[in-house]
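Enquirer:
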Amino acid sequence: MGEIALEVKDLYITYNSMKTYSVKKNILKLKGSDKTRIEAVKGVSFALEKGKILGIVGKNGSGKSTMLKSIAGIFAPDSGSVDLHGHSISLMSIGVGFNNELSGRENIALSGMLLGFSKEEIEKKTQEIIEFSELGKFIDAPVRTYSSGMHSKLAFSITAILETDIILVDEVLSVGDAKFKKKSYAKMKELISDEDRTVVIVSHNMETLRSLCDIILWINDGDMVMYGPKEEVLPKYEEYMS
Amino acid sequence: MLSKFIRDTKKYFKYTVEASKASLMAEVANSYLNWVWWILQPICFTFIYAIVFGLVFNTKEEYFIPFIVIGVSMWDFFNNMMKNSVKIIRTNKSIVSKVYLPKFVLVFVRLGVNGFKMMISFLIAVVAMIIMGVTVSWRIVLVLPILLILVLFNFAFSCFLMHFGVYVADLQNIVDIVLKLVFYATGIFYSVSRRIPAPWGKILTYCNPMAYLIDAMRDVMLYQKLPNMWMMLIWFVISLALSYLGIVLVYKNENSYVKSI
Numbered sequence: 262m263g264e265i266a267l268e269v270k271d272l273y274i275t276y277n278s279m280k281t282y283s284v285k286k287n288i289l290k291l292k293g294s295d296k297t298r299i300e301a302v303k304g305v306s307f308a309l310e311k312g313k314i315l316g317i318v319g320k321n322g323s324g325k326s327t328m329l330k331s332i333a334g335i336f337a338p339d340s341g342s343v344d345l346h347g348h349s350i351s352l353m354s355i356g357v358g359f360n361n362e363l364s365g366r367e368n369i370a371l372s373g374m375l376l377g378f379s380k381e382e383i384e385k386k387t388q389e390i391i392e393f394s395e396l397g398k399f400i401d402a403p404v405r406t407y408s409s410g411m412h413s414k415l416a417f418s419i420t421a422i423l424e425t426d427i428i429l430v431d432e433v434l435s436v437g438d439a440k441f442k443k444k445s446y447a448k449m450k451e452l453i454s455d456e457d458r459t460v461v462i463v464s465h466n467m468e469t470l471r472s473l474c475d476i477i478l479w480i481n482d483g484d485m486v487m488y489g490p491k492e493e494v495l496p497k498y499e500e501y502m503s
Numbered sequence: 727m728l729s730k731f732i733r734d735t736k737k738y739f740k741y742t743v744e745a746s747k748a749s750l751m752a753e754v755a756n757s758y759l760n761w762v763w764w765i766l767q768p769i770c771f772t773f774i775y776a777i778v779f780g781l782v783f784n785t786k787e788e789y790f791i792p793f794i795v796i797g798v799s800m801w802d803f804f805n806n807m808m809k810n811s812v813k814i815i816r817t818n819k820s821i822v823s824k825v826y827l828p829k830f831v832l833v834f835v836r837l838g839v840n841g842f843k844m845m846i847s848f849l850i851a852v853v854a855m856i857i858m859g860v861t862v863s864w865r866i867v868l869v870l871p872i873l874l875i876l877v878l879f880n881f882a883f884s885c886f887l888m889h890f891g892v893y894v895a896d897l898q899n900i901v902d903i904v905l906k907l908v909f910y911a912t913g914i915f916y917s918v919s920r921r922i923p924a925p926w927g928k929i930l931t932y933c934n935p936m937a938y939l940i941d942a943m944r945d946v947m948l949y950q951k952l953p954n955m956w957m958m959l960i961w962f963v964i965s966l967a968l969s970y971l972g973i974v975l976v977y978k979n980e981n982s983y984v985k986s987i
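Given below as C-alpha cells:
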C-alpha cells in the first residue's frame with residue numbers, strides 16, 4: 262500500500278428531520294418529542310491511497326452526498342473520524358457561495374481565499390479561471406446578472422483551476438452548454454488522472470465510474486455494502502439495481 | 727481552544743478584510759451616489775433626530791448634535807450586529823454549506839462592516855465637535871478602551887445569537903423586540919443617568935452595557951469627565967469571559983449548523 266491520503270473511520274452521521282424548533286411549538290408540545298433522527302451514514306470506514314480515484318455509488322438518499330460533505334469538513338460526524346493526513350481538500354459542487362452583488366472577478370478572489378489559497382496564488386490563477394470560464398467581459402459584471410449557465414461555468418472553473426490535493430466531486434461532471442460540457446469533462450479527467458491527486462466521485466453514471474475510478478464504495482441506506490476494485494463491485498451493484 | 731482561535735483568526739484575517747470590503751462595496755454598488763451614502767446617511771439621520779428631539783421634544787443636552795451622533799453610531803453598530811448575527815448562518819448558507827470556515831469569521835466580517843460604518847459616524851461627530859468648539863482633555867484616550875469593550879461585548883453576544891439563531895426559529899422576532907426595549911432604555915436621545923431620577927438612572931446605566939459605554943464615550947469626548955472606571959473594568963472582564971464562552975460554544979457546535987438550515 263502506498264501513502265494514505267484519506268482515512269475514514271467508523272463514520273456515523275445523523276440529523277434531525279425536524280429542522281429548527283419554534284418556541285411556540287415547544288411550549289405547546291412540551292419539549293420536542295416528535296424529533297425523528299435520520300441516520301444518514303452508519304459506520305462507514307475506508308482508507309484511500311494517494312492518487313487513487315474512489316467512486317461512491319448507491320441509490321438516491323443513501324447518504325452519499327452527506328458523507329462527501331462530512332469528508333470536506335462541512336458536516337460534523339456524530340462519531341468516527343475523517344483524517345486527511347494534512348492534505349488540502351475541496352468539494353467541487355456548484356461553487357463556493359457567490360456574493361451576487363459582486364463581480365465575477367471579486368467572487369473568484371473571495372472563493373479562492375475560502376478554499377485556503379493566498380491572495381497571490383489566486384491572482385496568478387485568475388486569468389486562467391476567466392479564460393476557462395469563457396465569461397469574457399462579463400467577469401466584471403455583478404454575478405446576479407449571470408445566467409444559470411454562466412453561474413455554473415464560473416463555479417466549475419474556480420474549483421477546477423484552483424487545484425487541491427483531494428477533490429470531492431458531487432455529480433457535476435457536466436455543466437453549461439454542449440461545448441463547455443465537453444471541455445469541463447476533459448478538464449475533470451485531466452485533474453483526476455494527475456498521479457498525485459486523490460479524488461472521490463459521487464455519481465450515478467456507470468460509464469463515468471467505469472472509465473474514471475479505481476475503487477468503488479457502495480453504500481445503501483447509510484450502510485457500507487461493498488468496498489473494493491471496480492471490477493468486483495460495479496457488476497454486483499448493477500445486478501442489484503436492475 | 728484559545729490557541730485554535732488565535733490560529734484561525736490569523737489564517738482567516740485576510741479573508742475577513744476582503745470579505746468586509748466586498749460586503750461594503752456590495753451594499754452601495756447599485757446606487758448612484760455610491761460610497762457617498764456612508765457619509766450622507768448618518769448626516770441625514772442626525773438632522774432628523776436633532777429636529778425631532780431637539781426642537782419638537784425640546785431635549786436639552788450640552789453639545790446636542792455630537793451627543794446624538796455618538797449615541798446613534800454606537801447604537802447602530804450594536805443594533806446591526808445583533809440583527810445580523812441571528813440570521814448570519816442562514817444568510818451565508820451558500821458559503822457555509824460548501825466549504826468549512828470557522829463560523830466566528832462570519833461575525834468578524836460583520837464587525838468589520840458595521841465597525842467601518844461606525845467609524846464614519848464618529849468622524850462626523852468629530853467634525854460636529856470642532857464646529858461647536860468642544861474642548862477635549864487627555865481623557866480622550868479612553869475612547870480606545872471603550873471601543874475595545876464595545877467590540878468584545880458585541881462579538882460575544884453575536885456568537886451566542888449566531889448559535890441559537892440556527893436552532894430557534896423565533897429568535898429573530900424576540901431579538902427585534904428586545905432591541906426596541908433596550909433602545910429606549912439606553913438613552914440615545916437623552917442621558918439616562920441624568921434624566922431618570924437617582925438611584926435608578928445610575929443603576930440603569932451601569933447594568934446596561936450599551937448605556938454605560940455610550941455614556942462613557944460622551945463623557946470622555948464631550949464633557950472631559952472621567953467615566954466610572956470600575957464599571958469599565960467590570961464590563962471588560964464580563965465581555966472577555968462571554969467572548970471566551972461564545973468561542974467555545976461556536977467551536978463545539980459549528981459543524982452541526984449546516985444540518986439545521
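Residue numbers (our numbering), protein chains in the order written: chain L, 262 to 503; chain S, 727 to 987.
Positions of the beta carbon are idealized from the N, C-alpha and C atoms, including for glycine.
1) Assuming K313(L) contacts D475(L) under a Cβ cut-off of 8 Å, what Cβ separation, rounded to an integer in Å, is found between them?
2) Nearest-angstrom Cα distance between N979(S) and S331(L)?
3) What residues from chain S crowd round K380(L), counting only those whose CB sits closer than 9 Å?
4) So, L415(L) versus I369(L), is the Cβ gap smaller than 9 Å?
5) Sort K829(S), M727(S), F803(S) by Cα distance to Y983(S) and report the nearest one.
6) Quick one: list the residues of chain S neighbouring A439(L), beta-carbon separation under 7 Å, in chain order.
7) Is there a C-beta anywhere in chain S that falls below 9 Å from the one on E432(L)?
8) Determine the chain L residues that contact S811(S) at a beta-carbon separation under 8 Å, and present them in chain order.
9) Determine whether the Cβ of I400(L) lies closer than 9 Å to any Cβ atom of chain S.
10) Please list, in chain order, the chain S residues whose beta carbon lies closer than 9 Å to that of Y539(L).
11) Whose Cβ in chain S lies nearer than 7 Å to the Cβ of L371(L)?
12) Interface residues of chain S around L363(L) at Cβ under 8 Å?
13) Between which two residues does the beta strand (DSSP E) harbouring M727(S) extend?
14) In chain L, which residues lie less than 7 Å from N806(S) when you measure between Cβ atoms?
15) How do the stretch 965-980 of chain S and the stretch 867-880 of chain S stand: do at least 3 beta-carbon pairs fall below 8 Å, yes or no?
16) Rounded to whole angstroms, what's the CA-CA distance from G293(L) to K906(S)? Just pull it up for me.
17) For S799(S) versus M844(S), is the C-beta distance shorter than 9 Å?
18) With a Cβ-Cβ cutoff of 9 Å, do V460(L) and L470(L) count as a contact?
19) Answer with yes or no whether the minimum CB distance from L827(S) to chain L is below 9 Å.
20) With a cut-off of 8 Å on the beta carbons, I'd call V825(S) and L375(L) a contact; round off their distance for me.
21) Would the stretch 359-367 of chain L count as touching the stretch 745-764 of chain S if we require 3 or more Cβ pairs under 8 Å?
22) Taking DSSP as the reference, what is the three-state secondary structure of I914(S)?
23) How many whole angstroms separate the CB atoms of V318(L) and W479(L), which I take to be in contact at a CB cut-off of 8 Å?
24) Decide if N805(S) is buried, meaning its Cβ has at least 16 other Cβ atoms within 10 Å, or exposed.
25) Give me the chain S residues within the contact set of I335(L), using Cβ-Cβ distance strictly less than 8 Å, ordered along the chain.
26) Applying a beta-carbon distance threshold of less than 9 Å, which residues of chain S neighbour M374(L)?
27) State the Cα-Cα distance for the pair V901(S) and I866(S), rounded to the nearest angstrom.
28) Looking at the strands, I want to know which residues DSSP matches up with S818(S).
29) In three-state terms, what does DSSP make of E300(L)?
30) Counting C-beta neighbours from all protein chains within 10 Å, is the total for F773(S) 16 or more, i.e. buried, or is it exposed?
31) Kindly give me the distance between the Cβ atoms of G365(L) and F399(L), rounded to whole angstroms, as I take these residues to be in contact under 8 Å.
32) With 9 Å as the threshold, decide whether the Cβ of K906(S) is near any Cβ in chain L.
33) By the criterion of Cβ-Cβ separation under 9 Å, what are the contact partners of N840(S) in chain L?
34) Give me the Cβ distance between M958(S) and Y932(S), rounded to the nearest whole Å; I'm assuming they're in contact under 8 Å.
35) Could you tell me whether any Cβ in chain S is nearer than 9 Å to the Cβ of K330(L)?
36) Tell me the residue span of the alpha helix (DSSP H) that contains P490(L).
Expert: Looking at the atomic coordinates:
1) Here residue 313(L) is taken as the residue at index 52 of the first sequence, counted from 1. Here residue 475(L) is taken as the residue at index 214 of the first sequence, counted from 1. The C-beta separation of K313(L) from D475(L) comes to about 5 Å, placing the pair in contact by the 8 Å criterion.
2) As a position in the second sequence, residue 979(S) is number 253, starting the count at 1. As a position in the first sequence, residue 331(L) is number 70, starting the count at 1. Approximately 14 Å, taken between the alpha carbons.
3) Taking the first sequence and counting its residues from 1, one reaches residue 380(L) at position 119. Chain S residues near K380(L): K740, E744.
4) Within the first sequence, the letter at position 154 stands for residue 415(L). Within the first sequence, the letter at position 108 stands for residue 369(L). Yes, Cβ-Cβ distance for L415(L) and I369(L) is below 9 Å.
5) Numbered from 1 along the second sequence, position 257 holds the residue referred to as residue 983(S). It is K829(S) whose Cα lies nearest to the Cα of Y983(S).
6) Taking the first sequence and counting its residues from 1, the one referred to as residue 439(L) is at position 178. When 7 Å is used as the limit between beta carbons, A439(L) is near no residue of chain S, the shortest such separation being about 26 Å.
7) What you label residue 432(L) is simply residue 171 of the first sequence in a count that begins at 1. No, its Cβ sits nowhere closer than 9 Å to a Cβ of chain S.
8) Residue mapping note: residue 811(S) aligns to position 85 of the second sequence, counting from 1. The premise fails here: S811(S) is roughly 16 Å from chain L at the closest Cβ pair, so nothing lies under 8 Å.
9) Position 139 of the first sequence holds residue 400(L). In terms of beta-carbon proximity, I400(L) stays away from the interface with chain S, with every pair separated by 9 Å or more.
10) Here chain L has residues from 262 to 503 only, and residue 539(L) is not among them.
11) Along the first sequence, read from residue 1 onward, the residue named residue 371(L) stands at position 110. Against L371(L), the close residues of chain S are E744, A745, A748, in the order they occur along the chain (beta-carbon pairs closer than 7 Å).
12) Taking the first sequence and counting its residues from 1, one reaches residue 363(L) at position 102. What L363(L) touches in chain S: A748, M751, A752, A755.
13) Within the second sequence, numbered from 1, the residue matching residue 727(S) stands at position 1. Note, M727(S): premise wrong, no beta strand (DSSP E); not H, not E.
14) One-based indexing of the second sequence puts residue 806(S) at position 80. Ordered by position in chain L, no residue passes the 7 Å Cβ test against N806(S), which lies about 18 Å from the chain.
15) Per the Cβ contact rule, the stretch 965-980 of chain S is in contact with the stretch 867-880 of chain S (3 or more Cβ pairs under 8 Å).
16) Here residue 293(L) corresponds to residue number 32 of the first sequence, with the count starting at 1. Here residue 906(S) corresponds to residue number 180 of the second sequence, with the count starting at 1. Note that G293(L) has pLDDT 46, beneath the 50 cutoff, so the model's placement of it is unreliable and no number is given.
17) Numbered from 1 along the second sequence, position 73 holds the residue referred to as residue 799(S). Numbered from 1 along the second sequence, position 118 holds the residue referred to as residue 844(S). A contact, by the Cβ cut-off of 9 Å.
18) Counting from one through the first sequence, the residue named residue 460(L) turns up at place 199. Counting from one through the first sequence, the residue named residue 470(L) turns up at place 209. Cβ atoms of V460(L) and L470(L): not closer than 9 Å.
19) For the purposes of this step, residue 827(S) is taken as the residue at position 101 of the second sequence. Yes - at least one Cβ of chain L is within 9 Å of the one on L827(S).
20) The residue given as residue 825(S) occupies position 99 in the second sequence. The residue given as residue 375(L) occupies position 114 in the first sequence. Between L375(L) and V825(S) the Cβ distance is about 5 Å, and since that is below 8 Å, they are a contact.
21) These segments touch.
22) As a working note, residue 914(S) is residue 188 in the second sequence. Coil.
23) Mapped onto the first sequence, residue 318(L) falls at position 57. Mapped onto the first sequence, residue 479(L) falls at position 218. Between W479(L) and V318(L) the Cβ distance is about 5 Å, and since that is below 8 Å, they are a contact.
24) Locating residue 805(S) in the second sequence gives position 79, where the first residue counts as 1. By the Cβ-count criterion, N805(S) is buried, with 16 or more other Cβ atoms from all chains shown falling within 10 Å of its own Cβ.
25) On the first sequence, position 74 is the one that residue 335(L) refers to. Going along chain S in sequence order, the residues near I335(L) (Cβ under 8 Å) are V822, S823, K824, V825, Y826, N981, V984.
26) Residue 374(L) sits at position 113 when you count from the first residue of the first sequence. Y738, K740, Y741, E744, A745, listed in chain order.
27) Position 175 of the second sequence holds residue 901(S). Position 140 of the second sequence holds residue 866(S). Annotation: V901(S) to I866(S) spans about 33 Å, alpha carbon to alpha carbon.
28) Counting from one through the second sequence, the residue named residue 818(S) turns up at place 92. In the sequence on display, residue 818(S) carries Asn and not Ser. According to DSSP, N818(S) bridges with nothing at all.
29) If you number the first sequence from 1, residue 300(L) lands on position 39. Strand at E300(L).
30) Position 47 of the second sequence, counting from 1, holds the residue named residue 773(S). So F773(S) ends up on the exposed side.
31) Translated into positions along the first sequence, residue 365(L) becomes position 104. Translated into positions along the first sequence, residue 399(L) becomes position 138. About 7 Å separates the two Cβ atoms, so the contact holds.
32) For the purposes of this step, residue 906(S) is identified with residue 180 of the second sequence, where counting begins at 1. No, no contact with chain L.
33) Position 114 of the second sequence, counting from 1, holds the residue named residue 840(S). By Cβ distance, chain L contributes nothing, its closest Cβ being about 17 Å from N840(S), past 9 Å.
34) On the second sequence, residue 958(S) is found 232 positions in, with the first residue counted as 1. On the second sequence, residue 932(S) is found 206 positions in, with the first residue counted as 1. Contact doesn't hold; Cβ gap of about 10 Å is too wide.
35) Numbered from 1 along the first sequence, position 69 holds the residue referred to as residue 330(L). It does: the Cβ of K330(L) has a partner Cβ on chain S nearer than 9 Å.
36) Taking the first residue of the first sequence as position 1, residue 490(L) is located at position 229. That residue, P490(L), is in no alpha helix (DSSP H); its beta strand (DSSP E) goes 484-490.
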